[in-house]
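Going down the list, the protein sequences come from chains S and U.
First residue of the first sequence: 1, per full-length UniProt numbering; consecutive thereafter.
First residue of the second sequence: 1, per full-length UniProt numbering; consecutive thereafter.
Note that CB positions come from ideal geometry on N, CA and C, so glycine has one too.
Written out below as structure tokens is the structure these notes cover.
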Amino acid sequence: MKHIVKLLALLVAVSAFWIGLLETVIPRSYAWLLPVYFVVSLGCYGLLMVGVGLMHFPTCPQEAGLLQQDIAEAKEFLKQRGVDVDYD
Amino acid sequence: MEINKNKYSIIVPTYNERLNIALLVYLVFKHLRDVDFEIIVVDDGSPDGTQEVVKQLQQVYGEDRILLRARPRKLGLGTAYVHGLKHASGNFVVIMDADLSHHPKYLPSFIRKQLETGASIVTGTRYVKGGGVHGWNLMRKLTSRGANVLAQTLLWPGVSDLTGSFRLYRKSVLEDVISSCVSKGYVFQMEMIVRASRKCYHIEEVPITFVDRVYGSSKLGGSEIVEYLKGLAYLLVTT
């Protein structure tokens, strides 16, 4: 089954649930606003995920130094064997 | 310890990577000492003399270990992999960038993970503990994180790093997945892993560190963001 079909099925299920709510217990005015609350919450959750991810973005500053060492080692080896590594 | 009888074909697309390709080849040979592998350089007619440097490297390491399979001009990343695949004699294929942002020192961990789990695909991820990036400013991190959250929410891909392109594939799996991909550029990497995920291939991840390129010019620009969003919409509907 294609992913979009899965998502649409989920959307239909949630909508059916919402329509069900409209008909029953919860006062109409609140029920009508539920989709808005849902979309806003989803947006906030997304922003939260981006923010948290940004805070915990794994960095590796020591890797830059290690890479420079590797580059120097590589240039040394290759220069001796006739490979042109003087381009910069 | 069982001897690893697999052969790994490492496909490296290049465009103006004259210095980087030499450094990369050295590092691959350094880190894959007891492994049967070949490096396939797919160069798209670089004007900076990349192919000349590759030929010099062939003198040092052997023409059977370094294959130069060039193309006349820039023809795109996806087709570069397809082209490289045609000449690959290994039963596993590694794809990686030429600019040293993908460090060959992680190749053993890709291979080990695959042998341990029997996975069809091992993909490098920058976003888990043990992985990481360096040289990205806040804006780039924000774009990357935002792109990932959006893609995770919409696509449920099953991997943590969708846009990464440091991966090990079983050759037959790569051939299968690549034949059904039509995107261009960076979206292509996403399409590959999402399609593989939809086809229920066994995918494992290993942490990798990604140091932003030291030499040469990056090929990532503003229009790429628009292309990304279009690509995401396309993947949402067609996978």
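For Leu68(U), which residues in the same chain have their Cβ closer than 6 Å to its Cβ, ignoring the five residues on either side in sequence?
As a working mapping, residue 68(U) is identified with position 68 in the second sequence. Closer than 6 Å at the Cβ level, and outside the excluded window around Leu68(U), lie Val41, Val54.
Using a Cβ-Cβ distance cut-off of 7 Å, determine whether Arg145(U) contacts chain S.
Residue mapping note: residue 145(U) aligns to position 145 of the second sequence, counting from 1. Arg145(U) counts as touching chain S.
List the residues of chain S that residue 240(U) touches, going by C-beta distances under 8 Å, in chain order.
Nothing about residue 240(U) can be reported from this structure: the residues present for chain U run from 1 to 239 only.
Buried versus exposed call for Ala147(U) [16 or more other C-beta atoms within 10 Å across all chains shown]
Position 147 of the second sequence, counted from the first residue, corresponds to residue 147(U). When all chains shown are included, Ala147(U) counts as buried.
Which residues of the segment 22 to 46 of chain U have a Cβ closer than 9 Å to any Cβ of chain S? Give them in chain order.
Ala22, Leu23, Leu24, Val25, Tyr26, Leu27, Lys30
Whether Pro58(S) touches Gly132(U) by CB criterion (7 Å):
One-based indexing of the first sequence puts residue 58(S) at position 58. One-based indexing of the second sequence puts residue 132(U) at position 132. Yes, these two residues count as a Cβ contact at 7 Å.
Cβ pair count under 8 Å reaching 3, the segment 102 to 114 of chain U against the segment 191 to 198 of chain U:
no
Cross-strand partners of Ile121(U) (DSSP beta bridge):
Along the second sequence, one-based indexing puts residue 121(U) at 121. According to DSSP, Ile121(U) bridges with Tyr169(U), Ile203(U).
Distance between beta carbons of Asp70(S) and Leu19(U), contact taken as under 8 Å
By 1-based counting over the second sequence, the position of residue 19(U) is 19. By 1-based counting over the first sequence, the position of residue 70(S) is 70. That pair is no contact at about 13 Å.
Would you tell me roughly how many angstroms separate the C-alpha atoms of Gly62(U) and Ser197(U), rounded to the nearest one?
Working through the second sequence from its first residue, we reach residue 62(U) at position 62. Working through the second sequence from its first residue, we reach residue 197(U) at position 197. In a straight line, the C-alpha of Gly62(U) is about 37 Å away from that of Ser197(U).
Output the distance between the C-alpha atoms of Gly43(S) and Glu17(U), rounded to the nearest integer angstrom.
Counting from one through the first sequence, the residue named residue 43(S) turns up at place 43. Counting from one through the second sequence, the residue named residue 17(U) turns up at place 17. Their Cα atoms are separated by approximately 41 Å.
When you compare the CB positions of His134(U) and Pro35(S), do they come within less than 7 Å of one another, or not?
Taking the first residue of the second sequence as position 1, residue 134(U) is located at position 134. Taking the first residue of the first sequence as position 1, residue 35(S) is located at position 35. It is not a contact, given that the beta carbons lie outside the stated cut-off.
Along the alpha helix (DSSP H) that carries Asp70(S), what are the first and last residues, could you check?
By one-based count along the first sequence, residue 70(S) stands at place 70. Note, Asp70(S): alpha helix (DSSP H), 61 to 80.
Closer than 7 Å between beta carbons: that is the criterion. Which residues of the segment 37 to 63 of chain S meet it against chain U?
Gly46, Met49, Val50, Gly53, Leu54, Phe57, Pro58, Thr59, Cys60, Pro61, Glu63
Endpoints, alpha helix (DSSP H) assigned at Pro35(S):
On the first sequence, residue 35(S) is found 35 positions in, with the first residue counted as 1. 28 to 55 is the span of the alpha helix (DSSP H), which, as asked, contains Pro35(S).
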